[in-house]
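Novice: Below is one structure. I have some questions about it.
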Amino acid sequence: MHSRSHRVCLLIAAAAATTLSCGAQMPVGSPANPPMPFVANNLGKGYAAINGLWAFHPGDNLVWASPDFDDSSWMRIETGKTWEEQGFRNLTGFGWYRRKIVLDANMHPDWTLALYLPVVQNAAEVYWNGQLVGSYGKVPPDPVWYDLAWPLEMAVLCPACERGQILLGRPESGVLAIRVWTAPYVFFSGPAVGGLTTVPEIGSAEAIRDQVGRQSAEWLESSLYWMGLAFVEGVVALLALLAWLRDRRQWMLFWLAVYTAHAVLLLPFEVPGLLSFRWGYGLIAPVVCAEDVSLWFLLLYLLRLRENRGLVRWTLWMTVVAMVGNFGDGALQLFRWTTWPGHVFLAWDIGLTIPALFVEGWVLVLVAFVFRRRLDAARWLLAIAATLVDVVQAVSDWGDAGARWTHSTVGGLIARPLFEIAGITFTPRSFADTLLLVAILYAVWRYEAEQRARQAHLDEEYRNAQELQQILVPQSLPEVPDYSVSSVYRPAEVVGGDFFQIIGLPGGDTLAILGDVSGKGLKAAMTVSLIVGALRAFVETTSDPGALLAALNRRLHERLRDGFSTCIAIRIDPDGGCLIANAGHLAPYRNGQEIPLPPGLPLGVVPDAEYCSISLHLDPGDFLTLLSDGVVEARNAEGELFGFERTREISGKSAEEIARAAQQFGQEDDITVLTLHYAPSKVLHA
Amino acid sequence: MQAVTTVSERTAATTSGDSVSLICLRGDISSASKEAMLGAYHKVGSTVSRVLLDFTGVDYINSSGIAIIIQMLLEASKAESRSIGIFGLSSHFHKVFNMVGISKYATIYENEAAALAVA
Numbered sequence: 311m312h313s314r315s316h317r318v319c320l321l322i323a324a325a326a327a328t329t330l331s332c333g334a335q336m337p338v339g340s341p342a343n344p345p346m347p348f349v350a351n352n353l354g355k356g357y358a359a360i361n362g363l364w365a366f367h368p369g370d371n372l373v374w375a376s377p378d379f380d381d382s383s384w385m386r387i388e389t390g391k392t393w394e395e396q397g398f399r400n401l402t403g404f405g406w407y408r409r410k411i412v413l414d415a416n417m418h419p420d421w422t423l424a425l426y427l428p429v430v431q432n433a434a435e436v437y438w439n440g441q442l443v444g445s446y447g448k449v450p451p452d453p454v455w456y457d458l459a460w461p462l463e464m465a466v467l468c469p470a471c472e473r474g475q476i477l478l479g480r481p482e483s484g485v486l487a488i489r490v491w492t493a494p495y496v497f498f499s500g501p502a503v504g505g506l507t508t509v510p511e512i513g514s515a516e517a518i519r520d521q522v523g524r525q526s527a528e529w530l531e532s533s534l535y536w537m538g539l540a541f542v543e544g545v546v547a548l549l550a551l552l553a554w555l556r557d558r559r560q561w562m563l564f565w566l567a568v569y570t571a572h573a574v575l576l577l578p579f580e581v582p583g584l585l586s587f588r589w590g591y592g593l594i595a596p597v598v599c600a601e602d603v604s605l606w607f608l609l610l611y612l613l614r615l616r617e618n619r620g621l622v623r624w625t626l627w628m629t630v631v632a633m634v635g636n637f638g639d640g641a642l643q644l645f646r647w648t649t650w651p652g653h654v655f656l657a658w659d660i661g662l663t664i665p666a667l668f669v670e671g672w673v674l675v676l677v678a679f680v681f682r683r684r685l686d687a688a689r690w691l692l693a694i695a696a697t698l699v700d701v702v703q704a705v706s707d708w709g710d711a712g713a714r715w716t717h718s719t720v721g722g723l724i725a726r727p728l729f730e731i732a733g734i735t736f737t738p739r740s741f742a743d744t745l746l747l748v749a750i751l752y753a754v755w756r757y758e759a760e761q762r763a764r765q766a767h768l769d770e771e772y773r774n775a776q777e778l779q780q781i782l783v784p785q786s787l788p789e790v791p792d793y794s795v796s797s798v799y800r801p802a803e804v805v806g807g808d809f810f811q812i813i814g815l816p817g818g819d820t821l822a823i824l825g826d827v828s829g830k831g832l833k834a835a836m837t838v839s840l841i842v843g844a845l846r847a848f849v850e851t852t853s854d855p856g857a858l859l860a861a862l863n864r865r866l867h868e869r870l871r872d873g874f875s876t877c878i879a880i881r882i883d884p885d886g887g888c889l890i891a892n893a894g895h896l897a898p899y900r901n902g903q904e905i906p907l908p909p910g911l912p913l914g915v916v917p918d919a920e921y922c923s924i925s926l927h928l929d930p931g932d933f934l935t936l937l938s939d940g941v942v943e944a945r946n947a948e949g950e951l952f953g954f955e956r957t958r959e960i961s962g963k964s965a966e967e968i969a970r971a972a973q974q975f976g977q978e979d980d981i982t983v984l985t986l987h988y989a990p991s992k993v994l995h996a
Numbered sequence: 087m088q089a090v091t092t093v094s095e096r097t098a099a100t101t102s103g104d105s106v107s108l109i110c111l112r113g114d115i116s117s118a119s120k121e122a123m124l125g126a127y128h129k130v131g132s133t134v135s136r137v138l139l140d141f142t143g144v145d146y147i148n149s150s151g152i153a154i155i156i157q158m159l160l161e162a163s164k165a166e167s168r169s170i171g172i173f174g175l176s177s178h179f180h181k182v183f184n185m186v187g188i189s190k191y192a193t194i195y196e197n198e199a200a201a202l203a204v205a
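As you go down the protein sequences, you meet chains A and B in turn. In terms of our numbering, the first sequence is numbered consecutively and its last residue is 996. In terms of our numbering, the second sequence is numbered consecutively and its last residue is 205.
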């Protein structure tokens, strides 16, 4: 995991390492011993570091650029060390370095002299014999500086500069004056800052160019590993995003895409000199925030913590805190904060950074919830890797936070090499990041395998339910004396909430029952099984449609959980006798006309509903059609309903034709059609 | 294809000057509408004796939606001092409401003016 502080730490650590290796601290010099000129003997075509003591003066005056200015009264200072290490505590803003450079008279006059400053805190202008020849970044009033401890070749601004070097012209002796500006402190500033924190180098343009190229190559070599890792993560992000776009319910894939994409999004921040401190620090906030938040949600999915609603709710709160802290601090950097009073900016910086640092530890809370559970190998690895990364990050960030006041050096430990493989150095952070990526990919693979197994199990359960429903909703109809019966059943999903039964009664009568449970899918189908079971039992005691519906209603009341079932029951006999009772269902059609029936409450709504049986007499050739609301409430793309009128018009057609017409119009719900054609054999053969 | 249900509440005065609460429904009414509909109904103050349900903007009601409406009407019927009126139904759903016996628990009007005139 990266963080904004990590980038600042790189600078601080590099600067500290450079300065601490230079030996004992040098006190501020006395003007009694003016700095010796730097004599570059036998420079040849090479280059030399301008070691030794420079004249130095805090403050700013452009007169100090002049080669004739007398700096004998100035203090002495070394380059390669910060100002604060050399006694200038709390010095920010401008300070001037001056040094006379004496070149060997035997140098070839055709050469071009060049200067190279690897790291400057934070911006500088370079004057050679009183002429401004180039700058590193821009000094105030509109400062621009770069925050990386790498060759700042892209940060060098001047017409005569190339690849990080400042060209000084013909090789001749002169006075080098460097006007350095150090930015105000931020919360992550190191214990000692300011000035020329690496030793300037002077030499032929060719040699300096080689030196810059060498350092760039070293940077590239040292960066190959994380660049490769970012490439892998980019591929994973793309695949996860595509998979999520195909099925947007798979939010685990979305968070995986965000988490792995952060490595790619961080690339511009890692390339030396691409983004200035202001823009880099300001814009990295959304990326850091996305990295933290996406890891939290990924852990909620992969460690099966989502059923803990409280934990999910707290994670959302942590997201809000992380966003406010990171975005607020980022926005702060984008303002012209260097013009503010230092303590005002620092107060805001600390106030916004500390909450963001606290919530970074949320990973540890999430992992703590799973350590007491029995975990498989993938989840153990993920929990351990996530813990390791979070601890590494916490040590780094908390170690570096306010280090200039706490003098902590713990944060620097995280950037130190652990081991090296094939020239690639692994730090605790890069090792932990790699381990976490591997652990996440392994856990995602396991998660997907489990999801597929669960889905296969559900599919199997649905198939079982479908088989059960085929028993409840008869596929082949029993013989009904003197009636020709046909039916169609088309559930909107795998299983449905419509049902019908044809039940032969003693004496040649037949009960035809058709109903519709509110809702659809598995829940409705299970209610159907309850209704059909109860119905079959009640038929043993009564065959009166009204009494049957009343008994069913009593059984279903308070068992349907805010739902209901409409139902129509018809008892027919071979002589054309017909009794109908209706519990809120669509009225049946007789020869293309709706049979008027009194309204009736659906089953299960109130405990004491009563249903009256209406008596009819069917004539030979009469055609009865019973259907569910899936027909009349079929809806086309324009939202128009199939409606009662269309239904009436086709009600004399076969069950198959009616169902097909509704389906083609636009099926929304289960569709059931049952037709009874009265064709008594004794009349037809008479 | 179902559209989201939107529910809003307002008050209106009847021709006799009494205040009534109106619950205006828009879109499709299905099982997904339960929280919004019952939430709006429960927000109506306990002292309100008359509530009107405005179905003018409703395009579709499936069986689960009807179950929610029945649940709301049964709640109202338990509060003896409250009555419910319904208006703005399409002819299709007017017929469906009659069929399932909703007219036993609520009076159905053609439009808002008719509902307020009677109320």
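Here a beta-carbon is modelled for each residue, glycine too, at the ideal position from N, C-alpha and C.
For a quick check, are the C-beta atoms of A:PHE933 and A:HIS987 less than 8 Å apart?
Specialist: As a working mapping, residue 933 of chain A is identified with position 623 in the first sequence. As a working mapping, residue 987 of chain A is identified with position 677 in the first sequence. The answer is yes: Cβ separation under 8 Å.
Novice: Please report whether the beta-carbon of B:TYR146 lies at a distance below 8 Å from any beta-carbon of chain A.
Specialist: As a working note, residue 146 of chain B is residue 60 in the second sequence. With 8 Å as the cut-off, B:TYR146 counts as an interface residue toward chain A.
Novice: Apart from the five residues on each side of it in sequence, which residues of its chain come closer than 6 Å, Cβ to Cβ, to A:CYS888?
Specialist: Indexing the first sequence from 1 puts residue 888 of chain A at position 578. Closer than 6 Å at the Cβ level, and outside the excluded window around A:CYS888, lie ILE882, LEU926 and LEU928.
Novice: Does any residue of chain A have a CB that is nearer than 8 Å to the CB of B:LYS164?
Specialist: Counted from its first residue, the second sequence places residue 164 of chain B at position 78. No, B:LYS164 lies away from the interface with chain A (no Cβ there is under 8 Å from its Cβ).
Novice: For the segment 114 to 131 of chain B and the segment 155 to 175 of chain B, state whether three or more C-beta atom pairs, one from each stretch, are separated by less than 8 Å.
Specialist: Yes: at least three Cβ pairs fall under 8 Å.
Novice: Within its chain, find whatever has a CB closer than 6 Å to the CB of A:LEU605; leave out the 5 residues flanking it on each side and keep chain order.
Specialist: For the purposes of this step, residue 605 of chain A is taken as the residue at position 295 of the first sequence. Answer for A:LEU605: TYR569, listed in chain order.
Novice: Going along chain A, which residues have a C-beta under 7 Å from B:MET123?
Specialist: Here the question's residue 123 of chain B lines up with position 37 in the second sequence. Here the premise fails: no neighbours, minimum Cβ distance about 12 Å.
Novice: Going by DSSP in three states, A:CYS599 sits in which element: helix, strand or coil?
Specialist: Taking the first residue of the first sequence as position 1, residue 599 of chain A is located at position 289. Here A:CYS599 sits in helix by DSSP.
Novice: Helix, strand or coil: how does DSSP classify A:ALA325 here?
Specialist: The count along the first sequence starts at 1 and reaches residue 325 of chain A at position 15. Residue confidence is low: A:ALA325 scores 37 on pLDDT, short of 50, so the model does not pin down where it sits. No coordinate-derived value is stated.
Novice: Should A:ASN774 go down as buried or exposed, given a rule of 16 or more other Cβ atoms within 10 Å for buried?
Specialist: For the purposes of this step, residue 774 of chain A is taken as the residue at position 464 of the first sequence. It is exposed - the Cβ of A:ASN774 has fewer than 16 other Cβ atoms within 10 Å.
Novice: Tell me which same chain residues have a C-beta within less than 6 Å of the C-beta of A:GLY940, skipping the five on either side of it?
Specialist: One-based indexing of the first sequence puts residue 940 of chain A at position 630. Once the five neighbours on either side are set aside, the close Cβ partners of A:GLY940 are ASP979, ASP980 and ILE981.
Novice: Start and end of the alpha helix (DSSP H) containing A:TYR757?
Specialist: Residue mapping note: residue 757 of chain A aligns to position 447 of the first sequence, counting from 1. Taken as a continuous stretch (DSSP letters only), the alpha helix (DSSP H) holding A:TYR757 covers 738 to 782.
Novice: Mind checking if A:PRO997 is an interface residue toward chain B, Cβ cutoff 8 Å exclusive?
Specialist: Absent from the structure is residue 997 of chain A, since the part of chain A shown begins at 311 and ends at 996.
Novice: I'd like the span of the beta strand (DSSP E) that includes A:ILE968, first residue to last.
Specialist: Against the first sequence, residue 968 of chain A aligns to sequence position 658. It is not in any beta strand (DSSP E) - A:ILE968 instead sits in the alpha helix (DSSP H) that spans 965 to 976.
Novice: What residues are listed by DSSP as bridge partners for A:TYR799?
Specialist: Within the first sequence, numbered from 1, the residue matching residue 799 of chain A stands at position 489. According to DSSP, A:TYR799 bridges with A:THR982.
Novice: Are the CB atoms of A:PHE348 and A:VAL429 within a distance shorter than 8 Å?
Specialist: The residue given as residue 429 of chain A occupies position 119 in the first sequence. The residue given as residue 348 of chain A occupies position 38 in the first sequence. Not closer than 8 Å, so no.
Novice: Quick check on DSSP: helix, strand or coil for A:THR1027?
Specialist: Because chain A spans 311 through 996 in this model, residue 1027 of chain A falls outside it and cannot be assessed.
Novice: Note down, in chain order, each residue of its chain lying with its Cβ closer than 8 Å to the Cβ of B:THR97, except the 5 sequence neighbours on either side.
Specialist: Sequence index remark: in the second sequence, residue 97 of chain B carries index 11 (1-based). Contacts found: SER105, VAL106, SER107 and LEU108.
Novice: Do the CB positions of B:ILE170 and B:TYR195 come within less than 8 Å of each other?
Specialist: Here residue 170 of chain B corresponds to residue number 84 of the second sequence, with the count starting at 1. Here residue 195 of chain B corresponds to residue number 109 of the second sequence, with the count starting at 1. No.
Novice: Look up A:ALA919 in the DSSP assignment and say whether it is helix, strand or coil.
Specialist: The residue given as residue 919 of chain A occupies position 609 in the first sequence. Of the three classes helix, strand and coil, the one that applies to A:ALA919 here is coil, per DSSP.
Novice: Checking the sheet assignment: what are the DSSP bridge partners for A:ARG945?
Specialist: What you label residue 945 of chain A is simply residue 635 of the first sequence in a count that begins at 1. DSSP output for A:ARG945 lists A:LEU951 as bridge partner(s).
Novice: At a CB-CB cut-off below 7 Å, which residues of chain A make contact with B:LYS181?
Specialist: Your numbering for residue 181 of chain B matches position 95 in the second sequence. Under the 7 Å cutoff, chain A gives PHE954.
Novice: Three or more C-beta pairs under 8 Å: does that hold for the segment 582 to 593 of chain A against the segment 536 to 551 of chain A?
Specialist: No, because fewer than three Cβ pairs between the segment 582 to 593 of chain A and the segment 536 to 551 of chain A fall closer than 8 Å, the two stretches do not touch.
Novice: In chain order, what are the residue ranges of uninterrupted alpha helix (DSSP H) at least 4 long that sit wholly in the segment 866 to 890 of chain A?
Specialist: The qualifying runs do not exist here; there are none.
Novice: Mapping the DSSP letters down to three states, classify A:TRP627 as helix, strand or coil.
Specialist: One-based indexing of the first sequence puts residue 627 of chain A at position 317. In this structure, A:TRP627 counts as helix in the three-state DSSP scheme.
Novice: Report the option in A:ALA433, A:PHE379 and A:THR389 whose CA atom is closest to the CA atom of A:THR492.
Specialist: What you label residue 492 of chain A is simply residue 182 of the first sequence in a count that begins at 1. Out of A:ALA433, A:PHE379 and A:THR389, A:ALA433 has the C-alpha closest to the C-alpha of A:THR492.
Novice: For A:SER794, tell me which candidate among A:GLY886, A:TYR752 and A:GLY500 has the shortest Cα-Cα distance.
Specialist: Start at 1 with the first residue of the first sequence, and residue 794 of chain A comes out as number 484. It is A:GLY886.
Novice: Quick one: list the residues of chain B neighbouring A:ARG682, beta-carbon separation under 9 Å, in chain order.
Specialist: Start at 1 with the first residue of the first sequence, and residue 682 of chain A comes out as number 372. Near A:ARG682 there are no residues of chain B at all, since even the closest Cβ is about 35 Å away, more than 9 Å.
Novice: Contact criterion: CB-CB distance below 8 Å. Does A:SER828 meet it with respect to chain B?
Specialist: For this step, residue 828 of chain A is matched to residue 518 along the first sequence. So, interface residue.
Novice: Would you tell me roughly how many angstroms separate the C-alpha atoms of A:ASN267 and A:LEU575, rounded to the nearest one?
Specialist: Summary: the structure shown does not reach residue 267 of chain A, with chain A confined to residues 311 through 996, and so no result is reported for it.
Novice: Looking only at its own chain, which residues have a Cβ that is under 8 Å from the Cβ of A:LEU615, when we skip the five neighbours before and after it?
Specialist: Here residue 615 of chain A refers to the residue found at position 305 when the first sequence is read from its first residue. Answer for A:LEU615: LEU609, LEU621, VAL622, LEU676, PHE679 and VAL680, listed in chain order.
Novice: Would you be able to state if there are at least three C-beta pairs under 8 Å between the segment 627 to 635 of chain A and the segment 659 to 677 of chain A?
Specialist: Output reads yes: the segment 627 to 635 of chain A touches the segment 659 to 677 of chain A.
Novice: Return the chain-ordered list of same chain residues with a C-beta closer than 8 Å to the C-beta of B:VAL186, the five sequence neighbours on each side being excluded.
Specialist: In the second sequence, residue 186 of chain B corresponds to position 100, counting from 1. Answer for B:VAL186: ILE152 and ILE156, listed in chain order.
Novice: Within the chosen definition, does the segment 122 to 131 of chain B reach the segment 914 to 922 of chain A through at least 3 CB pairs nearer than 8 Å?
Specialist: Output reads no: the segment 914 to 922 of chain A does not touch the segment 122 to 131 of chain B.
Novice: Just to check my reading of the structure: A:PHE848 and A:LEU832 have Cβ atoms closer than 8 Å, yes? What is that Cβ distance to the nearest angstrom?
Specialist: The residue you call residue 848 of chain A lines up with position 538 of the first sequence. The residue you call residue 832 of chain A lines up with position 522 of the first sequence. Contact doesn't hold; Cβ gap of about 25 Å is too wide.
Novice: Tell me the DSSP bridge mates of A:LEU892?
Specialist: Counted from its first residue, the first sequence places residue 892 of chain A at position 582. With the sequence shown as reference, residue 892 of chain A is identified as Asn, and Leu is not the correct amino acid for it. Bridge partners of A:ASN892: A:ILE878.
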